[in-house]
Amino acid sequence: MKLRSILAAASLAAMATGAQAEGVKVGMITTLSGGGAGLGVDVRDGFMLAVAQSGRDDIEVVIEDDQRKPDVAVQLADKMIQSEKVDVLTGIIWSNLAMAVVPGAVAQGVFYLSPNAGPSPLAGAGCHENYFNVAWQNDNLHEAAGAYANTAGYSNIFILAPNYPAGTDALNGFKRMYEGELSGETYTKLGQTDYAAEIAQIRASGADSVFFFLPGGMGISFLKQYADSGVDLPIIGPAFSFDQGILQAVGAAALGVKNTSQWSKDLDNEANVAFVESFQAEYGRLPSLYASQGFDTANLMISAVEAADVNDKDAFRAALEAADFASTRGDFAFSTNHHPVQDYYVREVIQEGDVFTNKIVGTALTDHADAYVSECAM
Amino acid sequence: MSLILFIEQALNGLQYGVMLFLMAAGLTLVFGVMGLINLAHGSLYMIGAFAAAAVAGATGSFLLALVASLVCAAFAGVLVEFFVIRRLYDRDHLDQVLATFALILIFSEGTRWIFGSFPLFLDKPDWLSGTVMLPFGIEYSLYRLWIILVGLLVAAGLFWMIGRTRIGIRIRAGENDREMIAALGVNISLLYTFVFALGAALAGLAGALIGAIQSVQVGMGEPVLILAFVVIVIGGIGSIKGALVGAILVGLTDTLGRSFLPSFFGLFLEPSSAMSIGASLSSMSIYLLMIGVLLFRPKGLFGGI
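Chains as they are written, first to last, in the UniProt record's numbering: chain Z, 1 to 378; chain P, 1 to 305.
As structure tokens, then:
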């Protein structure tokens, strides 16, 4: 009994000192160098914009570059949790890095708010009470593309994606919603830059449309080569290959392409209008999908900081679950596995002046959660 | 599998091979003549592409952009040779690998610092856009045909230079015995700088040509660099002819493997496993080719001596 009261006193004291170091300390691990840096830079800029706009001086953000390497990300997470003593971790872009960092981090009692990656294990059997995904589950945008393919009346589609876990997730997500026939299904090499062979296959396959998931430079290469090939079947894809940072490099080759996204710069709600305007004023460029996710992640966290003390884990968690913030996407809620329930839109690539961008042309899925909710025992 | 599809894929493979040749030619010259392993060759490719994108963006002229890619990459090559590589000729291969790897990091972050983190725009000119109708009803991209043509012209020029000109004689002599030709009064360090700049310019040209149909971004050179090493190992180190044959072999194997292996396995396996086995095997195909060549010709196809 005596021992127990001493322990209780000690832990109360610990909590007291924790509370004295008031405010919240955030560790951001994201990709700021190398080929994938554009995404990390956007998430960081969106996040920091929200922190600055909140006007709070009790939020401290430590930013580190993971160089897109899982081992580096794990080291940074250990450093941030153990020596920097952060309360909240965020920032990781890539699913393989998230899988390396998140399970260990949340097990140590830190909150993790994902601004981008949403690998299926973390939504299903591996879900955790301290893990929140503020972007999407990896399959979501592809599911939306599948649903859109049905409404667009495509019945014989050619689908391709790189041969790695997110690529198989993408094609499975697409097929989960799509009801027509497949004229072909191809896995390409990860990092492949020449798609002449695949385009020739598409031409020979007799397809009526094409769905592809090729993130980053792969998508740029594919679109430029596709536009030059003389094949003029309609293309659909997830927003990743048609985002603000990428479209300028693709140019006119992407005009008119339909892509699916949970966000677009022309979404007409108060939070989004203000976000787009202030982001442009602050950084001199249009915000991307990733910037909006970084912005929303920060605002979710700020809403929880305002409602609860971060040292009271249960209260802070409940405040996060409430998702009581003005999302740039409009309606936003968490499903029981802490992944978003939200609408997915169909966007079309257009040209405004000499800038290529997107406008919303329809809704693909409404209040959509993900396919793994039932596997999550939380 | 129709014949038309096969011919189209063969053309694609040829175009891919010719592009690899532009990379591999410089690499094999530098390795053969100077005994230097240059991992930063991929960075020179990237420099060519970025220079072309910047100039095309500023002037709108694709030909000027190509000239800029040649000049900038050659200039970067001269600088690198003069300040870094020159100190490495007598050192171990491991030191060379370490130093040129450092150059990759410096060039990548330097480029990101100047041009930012987002991919750049570079497009082919209007007069090379669209497709042409080849005999037998094959519709083929004009730009890819043009790349094949440019690549073959460069190859012919290199053969002429190495085989028929005085500088080519010196390069070949330097490959065999560098002390002897230095003793005969040839300025060997100038020759080395020239060879390095030539290799760099070819890599830069490849970067600009390919940048127009791919994405101009930081780190674009490294995947091509690996393939270029495969090419020179298959072709025989130091041999331009080997680089050309090796490049076209690799290009054809990769393209044809990618397009036909999955359907080949589909003949006797169920579709989903045929797809995954075919895709995995086709990514291995060029390395299998390399193993096959090395088993029978340990020095590569044309790696005589």
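Even glycine gets a Cβ: it sits at the ideal position worked out from N, Cα and C. Here the structure is a predicted model, which is why all the values come from computation and not from measurement.
Sorting P:I7, P:S273, P:V33 and P:I248 by C-alpha distance to the C-alpha of A155 of chain P places P:I248 at the top. Using a Cβ-Cβ cut-off of 8 Å, K69 of chain Z is close to nothing in chain P; its nearest Cβ partner there is about 13 Å away. Counted as a single uninterrupted DSSP element, the beta strand (DSSP E) harbouring M28 of chain Z occupies residues V24 to T30. Distance from Q342 of chain Z to Q262 of chain Z at the Cβ level is roughly 5 Å; contact confirmed, criterion being Cβ atoms closer than 8 Å.
The beta carbons of G204 of chain P and Y16 of chain P sit no closer together than 8 Å. About 7 Å separates the CB atoms of K25 of chain Z and E84 of chain Z; that is less than 8 Å, so the two are in contact. Taking every protein chain shown into account, the CB of P298 of chain P has fewer than 16 other CB atoms within 10 angstroms, so this residue is exposed.
A76 of chain P and F334 of chain Z have their C-alpha atoms spaced approximately 53 Å apart.
The C-beta of T186 of chain Z has 16 or more other C-beta atoms within 10 Å across all chains shown, which makes the residue buried. For T193 of chain P, the three-state secondary structure derived from DSSP is helix. The continuous beta strand (DSSP E) containing E181 of chain Z extends over residues E181 to T188. Residue pairing of A37 of chain Z in beta bridges, as defined by DSSP: absent, with no partner found. Taking the CA atoms as reference points, V134 of chain Z sits about 9 Å from G118 of chain Z. Cβ atoms of A274 of chain P and P262 of chain P come within 8 Å of each other, at about 6 Å.
At least 8 Å separates the beta-carbon of V84 of chain P from that of L64 of chain P. In the three-state reduction of the DSSP assignment, T28 of chain P falls in the helix class, which pools H, G and I.
Pairing A77 of chain Z with A105 of chain Z gives a Cβ-Cβ distance under 8 Å. Taking the CA atoms as reference points, G163 of chain P sits about 49 Å from I159 of chain Z. Per DSSP, reduced to three states, the secondary structure at S285 of chain P is helical.
Rounded to whole angstroms, E277 of chain Z and S69 of chain P show a C-alpha spacing of 38 Å. Within the stretch 30-53 of chain Z, S33, G34, G35, A37, G38 and V41 place their CB atoms closer than 7 Å to a CB of chain P, listed in sequence order. Counted as a single uninterrupted DSSP element, the stretch harbouring E84 of chain Z is not any beta strand (DSSP E), since DSSP gives it neither H nor E.
Counting only the Cα atoms, Q192 of chain Z lies some 26 Å from I240 of chain P. The C-beta distance from A58 of chain P to A200 of chain P rounds to 22 Å, too long to meet the 8 Å contact threshold. The C-alpha of A326 of chain Z is placed about 26 Å away from the C-alpha of A98 of chain Z.
Classified as exposed, H93 of chain P has fewer than 16 neighbouring CB atoms from the shown chains inside 10 Å of its CB.
Three or more beta-carbon pairs separated by less than 8 Å link the stretch 232-244 of chain Z to the stretch 256-275 of chain Z, which places the two stretches in contact.
Annotation note: the stretch 242-279 of chain Z contains the following uninterrupted beta strand (DSSP E) runs of length 3 or greater, listed N- to C-terminal: 258-261. Close to D92 of chain P, with beta-carbon spacing below 8 Å, lies no residue of chain Z; the smallest spacing is near 27 Å. The continuous alpha helix (DSSP H) containing K313 of chain Z extends over residues K313 to A322. Per DSSP, the beta bridge partners of S141 of chain P are P:T131. Residues of chain Z whose Cβ lies closer than 8 Å to the Cβ of P223 of chain P are, in chain order, G191 and T193. Burial is judged here by how many other beta carbons sit within 10 angstroms of a residue's own beta carbon; N337 of chain Z has at least 16 and is buried.
Taking 8 Å as the CB threshold, D228 of chain Z lines the interface with chain P.
For chain P, the residues of the stretch 165-188 of chain Z that bring a beta carbon within less than 8 Å of one of its beta carbons are E185, T186, Y187 and T188, in chain order. When DSSP assignments are scanned along the stretch 57-135 of chain P, the uninterrupted stretches of alpha helix (DSSP H) that are 4 or more residues long and fall wholly within it turn out to be 62-83 and 93-115.
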